[in-house]
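**Student:** The C-terminal position of the sequence shown is numbered 755 in the working numbering, with every residue numbered one higher than the one before it. My questions will all concern the structure given below.
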Amino acid sequence: MTTSMQTPVQHLATATQMREMDRLTIEEVGIPGLQLMEYAGRGAASAVLNDPRLKGPIAVLCGAGNNGGDGYVVARLLAQAGYMVDVFLASHRGNIKGDAATNLECLSEADLVPIPIHDDIGPFRDRAPQYQTIIDALLGTGLKSEPRSPHKELIQLVNELDGVFVVAMDLPSGLSADSGQTLGVAMRCDRTFTFGMNKVGLVMQPGADYTGQVDVIPIGIPQEISDRFDYRHHVLSEELARSGITRRLATAHKGHFGHVLVLAGSEGKHGAAMLASLAALRVGAGLVTLASDADSCRLATAAFPELMTTVLSEDESVAGEQLTELLDAKTAVLAGPGWGVTERNRSLLHHLERLDRSLPLILDADALTLLSRQQDLFSPNERRPYSLVLTPHPGEAARLLGTSSAKIQAERLHSAATISERYGATTVLKGAGTLVNSTNGHRFICPFGNPGMATAGMGDVLSGALAGLSAQGMAPLQAVLSGVSLHALAGDLASSRLGQRGLLATDVIRQLPAVLRAWEQGRNLNDADYLP
């Protein structure tokens, strides 16, 4: 999959796809599985030998499967490099088969005697504090349920150690390769060497918190094999995000950059309207009109004279007539931040559903709450002329799907996909590792952002940024991908300058132009020396 500008997309593989790639490489290309295992182990060993954190003595914890086989290769090469290495088996020798068994035999021939654990982890427990480095080769991508004994106890024991450098083979043991969820307990690692391709679970949260630095190790899978697969999960890379941002012509004027209509704000929530409106301006929208209550309009004009405002009537029919007039010449509409869950706004939402114009419509916050209370609104319709974007946080997503926030968080990929299918919309499921689910079923995981952004108003800034970019004529999905990354990177930039604690939504708004400047110059933010 590529964007309209042919920017390469960083694909993420599922466990099933990786298994099939291995099979095809072995059966059709003729590369033996033992050779793939050797490539994996050699690549990981070469990389870890260049890591200054590597110190001996080293413990290599190996399971019965191919993940353990990768560990045997690494153990052999680290020992050959002069390190003191102990190999611990988390399974009886008789359970180790195939290529893994062959590599275990190679260890014995090299006089590196593995210490079997069988069902007793006592030997490692006794020696654990002496190791400076631990290689996790216990459980691979095939894990579907909670680790059993002795793997579970080994994971818990390693997680309790202080000051040890922990390295995972393919993925941290106990982590789901397809969801990033911990299956009861998972190894906390400082570095992960994943083989062939990056995996969904290494980018999704909470998995990303367990991996440390992730390096993809090529293992000899030919391009013609990997190109056969229909990848539905992708990293939202900065290259992809900035591909829609171009320099402005010297002859440009405000009419070239769109006009956003913001339906937001109510008593006690005036700030949400101002944050969303200001964010739309800061990402480059030519004009922004805030349609709100009288106090929100007055405060917005006093604080930001660049905004235009219209006071919306509380009368449903009058407000509907106003909305019809306001939509004229607008190029994007945002509804919801601090809007209020009222009968008038429910009526206006119906009005928006009946739009017969081609423009982006972003629904956030209270608009999503209203939508959850009237599920027949915005049902999928191929004849819908406008592009619909929904931006729920987990609580709002739970209301849309009639479930709990905990369920949403445990099944983020599935939840976002279900919302997109139910409403025919691009879904932006906010939170750590914000997830974009497109209308054609592709999922983009944002690796940017930081915990300092978990504060009031950040969602309003995001929805305003999405509206502001959408108004400028970008392709609908590209505007969402660029906006999500822009918002997260502006948060990272603000955090690098101010720290995470006490970070404000307005701090993020101030950094939006700095990110855009780097992108307009064809540079990533990290390449532009903005971040430490």
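Don't be surprised by glycine CBs; every beta carbon is placed ideally from N, CA and C. Since the structure is predicted, the reported quantities are computational estimates derived from the model, not experimental observations.
#1: Look at the Cβ atom of residue 285, then the Cβ atom of residue 351, and state whether they are nearer than 8 Å.
#2: In angstroms with no decimal places, state the Cα-to-Cα distance between residue 314 and residue 362.
#3: Go ahead and pull the three-state DSSP assignment for residue 339.
#4: Using a 10 Å radius around the Cβ and a threshold of 16 neighbouring Cβ atoms, would you call residue 735 buried or exposed?
#5: Which stretch, first to last residue, makes up the beta strand (DSSP E) that contains residue 400?
#6: Straight-line CA distance for residue 497 to residue 628?
#7: At which residues does the beta strand (DSSP E) containing residue 346 begin and terminate?
#8: Put residue 531 into one of helix, strand or coil per three-state DSSP.
#9: Where does residue 458 sit, in a helix, a strand or coil, going by DSSP?
#10: Identify whether residue 318 lies in helix, strand or coil by the three-state DSSP scheme.
#11: For residue 452, collect the residues of the same chain with a Cβ closer than 6 Å to its Cβ; drop the 5 residues on either side in sequence, then sort them by chain order.
#12: Tell me, please, which residues DSSP counts as bridged to residue 440.
#13: Using the three-state DSSP reduction, which class does residue 678 fall into: helix, strand or coil?
#14: To the nearest angstrom, how far is it from the Cα of residue 446 to the Cα of residue 641?
#15: Would you kindly work out how many angstroms separate the C-alpha atoms of residue 233 and residue 422, rounded to a whole number?
#16: Check residue 392 in the structure and name its three-state DSSP category.
#17: Let me know if residue 523 comes out buried or exposed under the rule of 16 or more other beta-carbons within 10 Å of its beta-carbon.
#18: For residue 406, I'd like the list of residues in its chain whose CB is within less than 8 Å of its CB, leaving aside the five on either flank, ordered along the chain.
#19: Could you give the distance in angstroms between the alpha-carbon of residue 747 and the alpha-carbon of residue 604?
#20: Could you give the distance in angstroms between the alpha-carbon of residue 433 and the alpha-carbon of residue 344?
#21: Which class does residue 505 belong to by DSSP, given the choice of helix, strand or coil?
#22: Using 10 angstroms around the beta-carbon of residue 342, count the other beta-carbons present and answer buried if the total reaches 16, otherwise exposed.
#23: For the 8 Å Cβ check, are there 3 or more pairs between the region 586-603 and the region 559-572?
#24: Assuming contact is defined by CB atoms lying nearer than 8 Å, are residue 458 and residue 727 in contact in what I supplied?
#25: What does a CB cutoff of less than 6 Å around residue 464 pick up in its chain, not counting 5 residues either side in sequence?
#26: By alpha-carbon positions, which one of 248, 487, 483, 394 ends up nearest to residue 507?
#27: Run through DSSP, which three-state label would residue 263 get?
#28: Does the Cβ of residue 338 have 16 or more other Cβ atoms within 10 Å, making it buried, or fewer, making it exposed?
#29: Is it true that the CB of residue 670 sits closer than 8 Å to the CB of residue 439?
#30: Within a Cβ cutoff of 8 Å, which residues of the same chain sit near residue 731, ignoring the five residues on either side of it in sequence?
#31: Leaving aside the five residues before and after residue 255 along the sequence, list all residues of the same chain whose C-beta is less than 6 Å from its C-beta, in chain order.
#32: Going by Cα to Cα distance, which pick from 610, 645, 589, 319 is closest to residue 618?
#33: For residue 545, which residues in the same chain have their Cβ closer than 8 Å to its Cβ, ignoring the five residues on either side in sequence?
#34: Using only the alpha-carbon positions, how far apart do residue 503 and residue 526 sit?
#35: For residue 460, I'd like the list of residues in its chain whose CB is within less than 6 Å of its CB, leaving aside the five on either flank, ordered along the chain.
**Tutor:** On the basis of the supplied data:
#1: For the purposes of this step, residue 285 is taken as residue 62 along the sequence shown, with counting starting at 1. For the purposes of this step, residue 351 is taken as residue 128 along the sequence shown, with counting starting at 1. No, Cβ-Cβ distance for residue 285 and residue 351 is not below 8 Å.
#2: Walking along the sequence shown from the start, residue 314 turns up at place 91. Walking along the sequence shown from the start, residue 362 turns up at place 139. Roughly 11 Å between the two C-alpha positions.
#3: Mapped onto the sequence shown, residue 339 falls at position 116. Note that residue 339 scores a pLDDT of 41, beneath 50, so its modelled location is shaky and nothing firm can be said.
#4: For the purposes of this step, residue 735 is taken as residue 512 along the sequence shown, with counting starting at 1. Buried.
#5: As a first step, residue 400 is located in the sequence shown; it is residue number 177 there, counting from the start. It is not in any beta strand (DSSP E) - residue 400 carries neither H nor E in the DSSP assignment.
#6: Numbered from its first residue, the sequence shown carries residue 497 at position 274. Numbered from its first residue, the sequence shown carries residue 628 at position 405. Between residue 497 and residue 628, the C-alpha separation is close to 28 Å.
#7: For the purposes of this step, residue 346 is taken as residue 123 along the sequence shown, with counting starting at 1. It is not in any beta strand (DSSP E) - residue 346 instead sits in the alpha helix (DSSP H) that spans 345-350.
#8: Stepping through the sequence shown from its first residue, residue 531 is reached at position 308. Residue 531: strand per DSSP, three-state reduction.
#9: Residue numbering aside, residue 458 sits at position 235 when the sequence shown is read from its first letter. Correct three-state label for residue 458: strand.
#10: On the sequence shown, residue 318 is found 95 positions in, with the first residue counted as 1. Here DSSP, grouped into helix, strand and coil, assigns residue 318 to helix.
#11: Counting from one through the sequence shown, the residue named residue 452 turns up at place 229. Around residue 452: 240.
#12: Locating residue 440 in the sequence shown gives position 217, where the first residue counts as 1. Per DSSP, 418.
#13: In the sequence shown, the residue the question calls residue 678 occupies position 455. Reduced to three states, the DSSP call for residue 678 is coil.
#14: Taking the first residue of the sequence shown as position 1, residue 446 is located at position 223. Taking the first residue of the sequence shown as position 1, residue 641 is located at position 418. Approximately 32 Å, taken between the alpha carbons.
#15: As a position in the sequence shown, residue 233 is number 10, starting the count at 1. As a position in the sequence shown, residue 422 is number 199, starting the count at 1. In this model, residue 233 and residue 422 are separated by some 11 Å (Cα to Cα).
#16: Here residue 392 refers to the residue found at position 169 when the sequence shown is read from its first residue. In this structure, residue 392 counts as strand in the three-state DSSP scheme.
#17: Numbered from 1 along the sequence shown, position 300 holds the residue referred to as residue 523. So residue 523 counts as buried.
#18: Taking the first residue of the sequence shown as position 1, residue 406 is located at position 183. Closer than 8 Å at the Cβ level, and outside the excluded window around residue 406, lie 366, 367, 368, 369, 370, 397, 398, 399.
#19: Within the sequence shown, the letter at position 524 stands for residue 747. Within the sequence shown, the letter at position 381 stands for residue 604. If you take the alpha carbons of residue 747 and residue 604, they lie about 37 Å apart.
#20: In the sequence shown, residue 433 corresponds to position 210, counting from 1. In the sequence shown, residue 344 corresponds to position 121, counting from 1. One Cα belongs to residue 433, the other to residue 344, and the distance between them is close to 23 Å.
#21: In the sequence shown, residue 505 corresponds to position 282, counting from 1. If DSSP states are grouped into helix, strand and coil, residue 505 belongs with the helices.
#22: Position 119 of the sequence shown, counted from the first residue, corresponds to residue 342. With a pLDDT of 44 at residue 342, under the threshold of 50, the modelled position of that residue is not reliable, and the figure given next carries that caveat. Residue 342 comes out exposed.
#23: yes
#24: Locating residue 458 in the sequence shown gives position 235, counting from the first residue. Locating residue 727 in the sequence shown gives position 504, counting from the first residue. No, the pair does not count as a contact, with Cβ atoms beyond the cut-off.
#25: Against the sequence shown, residue 464 aligns to sequence position 241. Correct list, in chain order: 704, 705, 708.
#26: Walking along the sequence shown from the start, residue 507 turns up at place 284. Looking at 248, 487, 483, 394, the one whose alpha-carbon comes closest to that of residue 507 is 483.
#27: For the purposes of this step, residue 263 is taken as the residue at position 40 of the sequence shown. Note: residue 263 maps to helix in three-state DSSP.
#28: Locating residue 338 in the sequence shown gives position 115, counting from the first residue. Low confidence applies to residue 338: its pLDDT is 44, below 50, so where it sits in the model is not reliable, and the reading given next is rough at best. Its Cβ having fewer than 16 others within 10 Å, residue 338 is exposed.
#29: Indexing the sequence shown from 1 puts residue 439 at position 216. Indexing the sequence shown from 1 puts residue 670 at position 447. Going by C-beta atoms, residue 439 is not nearer than 8 Å to residue 670.
#30: In the sequence shown, counting from the first residue as 1, residue 731 sits at position 508. Closer than 8 Å at Cβ, skipping near neighbours: 676, 681, 684, 710, 713, 714, 717.
#31: Position 32 of the sequence shown, counted from the start, is the residue given in the question as residue 255. Cβ within range, chain order: n/a, list empty.
#32: Counting from 1 along the sequence shown, the entry for residue 618 is found at position 395. It is 589.
#33: Here residue 545 is taken as the residue at index 322 of the sequence shown, counted from 1. So the list reads 514, 533, 535, 536, once near-sequence residues are dropped.
#34: Residue 503 sits at position 280 when you count from the first residue of the sequence shown. Residue 526 sits at position 303 when you count from the first residue of the sequence shown. In this structure, the CA atom of residue 503 is about 15 Å from the CA atom of residue 526.
#35: Translated into positions along the sequence shown, residue 460 becomes position 237. If we look at residue 460 and ignore the five residues flanking it on each side, its Cβ neighbours are 233.
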